[in-house]
Amino acid sequence: FFLGTVGGLNAIPQIFRVTMVLTNLIPLEYISFHPQDLVIPKKLWFQNENRFLTFEEIHQLGLATALTSDKYRILGMEPVENTPEEIKAVVIEMDERLKGNWLTTEEDEELQRKYWSFYPPDHVCSQSEYSRSRIGTEFLRQNRELLV
């Protein structure tokens, strides 16, 4: 599988339908690739309140579509890179999935549903689960407070 970020190079494995693990994804609007792919997004640190924005707040503030750093800066947001631990966890998950050893719990599926519930009904990701990449399981488990 391909491990990388969105920045152009990921188009090559995407064209050839090579399974991907994409890290540090931003903006959230462009999170849909193939359903076998795993993605972990950047979190947004709200400097004025010393906390991370929830995914719902990111969508409500229009930051899910922000393509330039100016919009984040104006609103006092700082995109935060994924940690080495977050990246390691999503890579291990993909390896286990490809080997057929990954076990998904109903709680994990509920976290996935909760994450995707923030996308509007007309968004391509809302139309079909077949157009959604999965969010890294451990990332969602460790960031449940962002799903409220």
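In this text, residue positions in the sequence shown follow my numbering: the first is 974, and each later residue adds one.
Backbone N, C-alpha and C define an ideal beta-carbon position, used for all residues, glycine too.
Closer than 6 Å by C-beta to L1036: which residues in its own chain qualify, once you throw out the five before and the five after it? Chain order, please. none
Between T1038 and E1002, how many whole angstroms is the CB-CB distance? I'm expecting something under 8 Å. 4 Å
Please return the same chain residues whose Cβ sits closer than 7 Å to the Cβ of P1014, not counting the five positions on each side in sequence. L998, I999, L1001 and I1004
Spatial neighbours of K1016 within its chain, please: C-beta separation below 8 Å, excluding the five flanking residues on both sides. F1025, L1026, P1052, V1053, N1116 and L1119
Taking only the alpha-carbon atoms, compute the straight-line gap between N1074 and H1007 and give it to the nearest angstrom. 20 Å
Could you tell me whether the region 983-991 touches the region 1077-1092, using the rule of 3 or more Cβ pairs below 8 Å? no
Pick out whichever of G980, K1044 and F975 has its Cα sitting closest to the Cα of F989. F975
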